[in-house]
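When the letters of the sequence shown are read in order and numbered with the numbering used here, they come out as residues 74 to 444.
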Amino acid sequence: MTMKILNAKKMRYRVYMLGVIVLILVVFNLIFTFQIHKKLVRVVSNPGRWPVGSYIYDRTIGFDFATNISGHIGDGSFYVKSHQLGYRIGEHTDATSYQPGGLLSLGCSFTYGDEVDAGQTFTQLAADGLNIPAYNYGICSFSYIHALLKARQLKEQGVLDKLQPEYVVLGCWNGLPARSRSPFPPLASDNLPLPSAYLARDGQDLVIKYPMKLQHVFEMVELYREEGTAMSLRKLSKLFFAAPRYVYLYIRNNRMAQEMKMRSPQQEVSDFQVYDFYFSGIEEVFSPYGVRVLVLYMPNSFDEPLARALKEAVARHPGITLVDGLQAIHAHGVSGHDYVRKHPQPAAHQAYALEIIEFAQSTAALPLSQQ
């Protein structure tokens with residue numbers, strides 16, 4: 074009898090302790106739930122510069138511009154619109170029709186044309202000068218690794234088979250090698266971390282590290298945009314069960330940030346290796362299409378020369394032609410106000426486009442298939 078009483082007490086004690094642990098976990102989860110709710114409210118309450126829905130989650134690339142986006146930038150200074158195939162187009166351009174055989178560009182905000190309208194970008198101006206269509210796939214905050222993954226994706230999805238580009242222009246500037254080694258893109262924030270693929274060393278090999286899975290973050294933001302910021306039973310339920318994933322995300326983010334501080338990515342992967350890896354990948358993607366590939370270097374300060382690593386990498390790839398944007402800046406009398414420590418302004422884009430046209434029409438830029 075005594076043993077039965079003791080066993081019953083032990084069982085009640087275990088049940089009691091289990092209940093206490095569960096209660097503590099529930100309380101902590103509720104605390105995290107409401108903290109996440111506040112962050113999502115902050116995100117949705119501040120629409121930011123870009124039209125709602127401009128950035129979407131992509132499990133391979135990390136984040137991408139959405140198709141069929143149309144609207145003014147936050148301050149109304151320029152218009153954002155994308156074709157159904159994903160490239161940037163002008164406000165009054167048909168988002169469904171297209172013509173093959175154009176000029177395709179890849180790069181970051183310098184290529185996309187942040188601060189200028191689509192018709193003022195070097196992509197559109199160069200295409201107009203060559204009398205062919207323009208496919209501007211520049212994506213703000215991108216790195217060379219993002220651009221390479223985007224190119225691979227366009228090929229896998231059959232987009233390149235549809236567009237059959239004649240020229241490919243790779244937008245480059247000195248800030249992109251560092252981005253290409255980092256999992257933290259410039260648009261990342263405490264409120265909505267954006268996933269980012271990056272280049273790293275794995276033993277003797279260079280490999281692309283793919284981004285964290287953040288689809289649930291993007292889905293919750295869309296839910297708050299659709300239903301408003303007020304808490305509801307549906308939101309509470311979704312957030313409560315998603316909270317552990319959010320906690321894991323922030324713990325992993327912090328751990329990765331600490332690891333990046335403790336080591337030197339530039340020593341592990343040099344600028345030259347970033348460029349060489351990127352150009353090799355681009356050649357692999359586009360060689361079946363017989364395109365001419367040009368690398369457009371865009372300076373961001375007065376008399377910023379071509380990086381030695383960029384010149385050496387291009388020299389290893391005879392199928393790629395280097396276009397010196399600084400030379401274009403000087404040749405066409407572009408003021409420092411149009412490119413120094415800022416996104417290229419219309420005058421800079423015009424100069425780059427004229428230089429691209431000159432090189433594209435020369436025999437120096439031979440198709441990859443003829444190299």
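For glycine and all other residues, C-beta sits at the position ideal for the given N, C-alpha and C.
For residue i, is the classification buried or exposed, using 16 other Cβ atoms within 10 angstroms of its Cβ as the cut-off for buried?
i, result
"residue 224", "buried"
"residue 93", "exposed"
"residue 211", "buried"
"residue 209", "buried"
"residue 270", "buried"
"residue 388", "exposed"
"residue 157", "exposed"
"residue 153", "buried"
"residue 91", "exposed"
"residue 195", "buried"
"residue 280", "exposed"
"residue 182", "buried"
"residue 97", "exposed"
"residue 35", "Nothing can be reported for residue 35, as the shown portion of the chain is limited to 74 through 444."
"residue 365", "buried"
"residue 111", "exposed"
What's the gap between the Cα of residue i and the Cα of residue j?
i, j, result
"residue 372", "residue 435", "23 angstroms"
"residue 409", "residue 142", "32 angstroms"
"residue 322", "residue 108", "14 angstroms"
"residue 325", "residue 319", "10 angstroms"
"residue 380", "residue 104", "50 angstroms"
"residue 133", "residue 284", "7 angstroms"
"residue 437", "residue 204", "Confidence at residue 437 is low in this model, with a pLDDT of 49, below 50, so its placement is unreliable and no value can be given for it."
"residue 240", "residue 415", "27 angstroms"
"residue 403", "residue 396", "13 angstroms"
"residue 113", "residue 294", "6 angstroms"
"residue 124", "residue 216", "22 angstroms"
"residue 151", "residue 191", "8 angstroms"
"residue 221", "residue 306", "42 angstroms"
"residue 131", "residue 137", "6 angstroms"
"residue 399", "residue 374", "10 angstroms"
"residue 432", "residue 287", "41 angstroms"
"residue 206", "residue 189", "19 angstroms"
"residue 333", "residue 102", "29 angstroms"
"residue 179", "residue 218", "11 angstroms"
"residue 173", "residue 362", "12 angstroms"
"residue 377", "residue 202", "27 angstroms"
Cα-Cα, which of the options is closest to residue i?
i, options, result
"residue 342", "175, 268, 315 and 254", "254"
"residue 228", "191, 360, 126 and 350", "360"
"residue 385", "206, 355, 347 and 424", "347"
"residue 296", "286, 284, 310 and 213", "310"
"residue 417", "333, 340 and 245", "245"
"residue 128", "239, 196, 159 and 340", "159"
"residue 198", "288, 365 and 175", "175"
"residue 122", "139, 268, 148 and 421", "148"
"residue 168", "419, 139 and 305", "139"
"residue 391", "232, 420 and 356", "356"
"residue 170", "201, 291, 236 and 118", "236"
"residue 163", "184, 172, 193 and 177", "193"
"residue 242", "232, 126 and 394", "394"
"residue 120", "329, 135 and 301", "301"
Can you round the beta-carbon distance between residue i and residue j to whole angstroms, since I take them to be within the 8 angstroms contact cut?
i, j, result
"residue 429", "residue 383", "Not confirmed; about 17 angstroms, so no contact."
"residue 268", "residue 214", "Between residue 214 and residue 268 the Cβ distance is about 11 angstroms, and since that is not below 8 angstroms, they are no contact."
"residue 424", "residue 405", "4 angstroms"
### Inside the region 186–240 only - beta strand (DSSP E) runs reaching at least 3 residues
Qualifying beta strand (DSSP E) stretches, in chain order: 207–211.
### alpha helix (DSSP H) runs wholly inside the region 297–345, at least 4 long, in chain order
Within the region 297–345, the complete alpha helix (DSSP H) runs of at least 4 residues are 306–335 and 338–341.
### Length-filtered (3 minimum) beta strand (DSSP E) runs lying within the region 113–188
With a minimum length of 3 residues, the continuous beta strand (DSSP E) runs that stay inside the region 113–188 are 128–131, 135–138, 143–145, 152–154 and 176–180.
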